[in-house]
Amino acid sequence: MKQIRFYIGLILLLGLTARCTKEVDNGISDVPAIEIRQVSPLTIEEFDGNVKVFLKYEDGDGDLGFPEADSLSLEVWDARLSEPDYYYVPALAPVGESLTIRGELEITLNGTFILGNGQQETTTFTMRIRDRAGHWSNTVVTPTITIVEP
């Protein structure tokens, strides 16, 4: 009789434990993923034109962006330059929550200029984003942007 009670208790305990687990495998990675949705315009005037890049993002644990404005997590690399620039992205979900997030970021690239002596230049911008856990997303590259003198 004691053995039956033990097994019934064990089964109930295992059943309750299994029901209380919060972890759900939604099939989405905790490493952020980005994709370029749109870039426009593809031809701009030097210093005057702005390029808008719309990035689709997805993150399995929702830790994209930072609450502190001095945390620079968006890397944008102009193909003509030797070093990337970094930009602030605000927290895209409540800090401390672990939830899947999807959305779109609008990035405005302004002040684009011609480096050489010509009347026009072309470039691309390579982008990636880092989450609060330090994971870098995949890298995406814009179509070719043409910069012309006014």
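If you count the sequence shown from 1, position 20 lands on 56 in my numbering, and the numbers rise without skipping. For each residue, glycine too, the CB sits at the ideal point set by N, CA and C.
Scanning R166, F149, T175 for the CA closest to the CA of E157 turns up F149. Taking a contact to require three or more Cβ pairs closer than 8 Å, the stretch 122-142 and the stretch 90-104 qualify as touching. Counting along the chain, W172 sits inside no beta strand (DSSP E), nor does DSSP assign it H or E at all.
Leaving aside the five residues that flank D66 on each side, the residues in its chain whose CB is nearer than 6 Å to its CB run, in chain order, G96, D97. Using a 10 angstroms sphere on the CB of P179, the tally of other CB atoms stays under 16, which defines it as exposed. Its chain contains P103 as the residues whose beta carbon lies nearer than 6 Å to that of V131, once the 5 sequence neighbours on both sides are disregarded; these appear in chain order. Taken through DSSP and simplified to helix, strand or coil, I165 comes out as strand. DSSP places L145 inside the beta strand (DSSP E), whose first and last residues are 137-145.
Contact between the stretch 68-76 and the stretch 170-177 is established, with three or more Cβ pairs separated by less than 8 Å. DSSP, read as helix, strand or coil, puts Q74 in strand. DSSP places Q155 in no beta strand (DSSP E); its state is neither H nor E. Between L100 and M163, the C-beta gap is not smaller than 9 Å, which leaves the two residues out of contact. The beta carbon of I80 sits closer than 8 Å to the beta carbons of N86, V87, T148, I181, T182, I183, V184 from its chain, once the five residues preceding and following it are set aside; these are given in chain order. Residue burial annotation: D167 is buried, with at least 16 other C-beta atoms found within 10 angstroms of its C-beta.
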